[in-house]
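For reference, the structure is listed below as structure tokens.
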Amino acid sequence: MRPLTEKDITSSVVNASLRERNAIIPPNDLAEIDWDKRDYLGWRDVKTPAIGYLVTHIDDEPVGVLLRQSGDKPGARAQCSWCEDVTLPNDVVLFSARRSGKAGRNGDTIATLACAHFECSRNVRVLPPSAYLGFDREAARQHRIEVLRSRIDSFVRDIARDA
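In terms of my numbering, the sequence shown opens at residue 2 and continues consecutively.
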């Protein structure tokens, strides 16, 4: 992922009102992020923890979405729809996102189960255990990274399609 500035972030959110975009507080550690190990930037709002943000690059442009966490917790250990990690004890929550444009103004939303603190980029980079003799663990890790990128791309495109 290419590095993002605060301006990139706040101007990229496609499903937020002007008031909501002006209220975005980007992560404090932008300068310290290892962008080569990120497939997207995700963080929780420090003032309203039920709000999250996700920014990725679509067609070489940053595109961000505002997410709202559902108040309900999954009854059993849920699996993240993006990284599909089953070995790490990350909390997974239900996020909804208003679509951009007229559809969003009419109340059309999309929901997904995702790691509560957006750990997906780290999760897919963990070297998987060997499944069988000759299993290419590095190829499996690279495949998980590519699948995560594809899922994030598809999710954001679905929200931004009317932007």
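In this text, a Cβ means the ideal position worked out from N, Cα and C, and glycines have one as well. The structure displayed is predicted, hence computed values, not measured ones.
Kindly indicate which three-state DSSP category residue 160 falls into: helix, strand or coil?
-> In the structure shown, residue 160 sits in a helix (DSSP, three-state: H, G or I).
Reference residue 40, options 148, 134, 161 and 162, closest by Cα | Taking the Cα of residue 40 as reference, the smallest distance to any Cα among 148, 134, 161 and 162 is reached at 148.
Endpoints, the beta strand (DSSP E) within which residue 59 is located | Boundaries of the beta strand (DSSP E) harbouring residue 59: 52-59, taken from the DSSP string.
Cβ-based burial, residue 124 [other Cβ within 10 Å; buried from 16] = The residue is buried, with at least 16 neighbouring Cβ atoms inside 10 Å.
Using alpha carbons as the reference points, say which of 95, 72, 67 and 73 lies closest to residue 80.
-> Answer by Cα proximity: 95.
Any chance the segment 151-159 sits against the segment 56-72, with 3 or more Cβ pairs inside 8 angstroms?
-> The segment 56-72 and the segment 151-159 touch, with three or more beta-carbon pairs separated by less than 8 angstroms.
Selection from 130, 63, 5 and 17 that minimises the alpha carbon distance to residue 104 = Checked all of 130, 63, 5 and 17; the closest Cα to residue 104 is 17.
Looking at residue 31 and residue 5, is the spacing between their C-beta atoms short of 8 angstroms?
-> Between residue 5 and residue 31, the C-beta gap is smaller than 8 angstroms, which places the two residues in contact.
Note the first and the last residue of the continuous beta strand (DSSP E) segment covering residue 122.
-> Where residue 122 is concerned, there is no enclosing beta strand (DSSP E), although the alpha helix (DSSP H) it sits in stretches over 121-125.
Compare the C-alpha of residue 22 against each of 65, 34 and 83 and name the closest.
-> Nearest C-alpha to residue 22: 65.
Check each candidate in 139, 129, 115 and 142 and name the one with the smallest Cα separation from residue 153.
-> When the alpha-carbon of residue 153 is set against those of 139, 129, 115 and 142, the nearest one is in 115.
Skipping 5 residues on each side, what residues in its chain have a beta carbon closer than 6 angstroms to that of residue 36?
-> Cβ neighbours of residue 36 beyond the five flanking positions: 2 and 4.
Kindly provide the ranges of any alpha helix (DSSP H) runs that are 4 or more residues long and lie completely inside the segment 7-58, ordered along the chain.
-> DSSP runs (the alpha helix (DSSP H)) wholly in the segment 7-58: 7-13 and 19-23.
Quick one: what's got a C-beta closer than 6 angstroms to residue 150's C-beta in the same chain, skipping five residues either side?
-> When the five nearest sequence neighbours on each side are left out, the beta carbons in the same chain lying within less than 6 angstroms of the beta carbon of residue 150 are those of 40, in order along the chain.
Measure how close the beta-carbons of residue 70 and residue 51 come, nearest whole angstrom, since I'm counting them as under 8 angstroms.
-> The pair is a contact, with the Cβ atoms about 5 angstroms apart (cut-off 8 angstroms).
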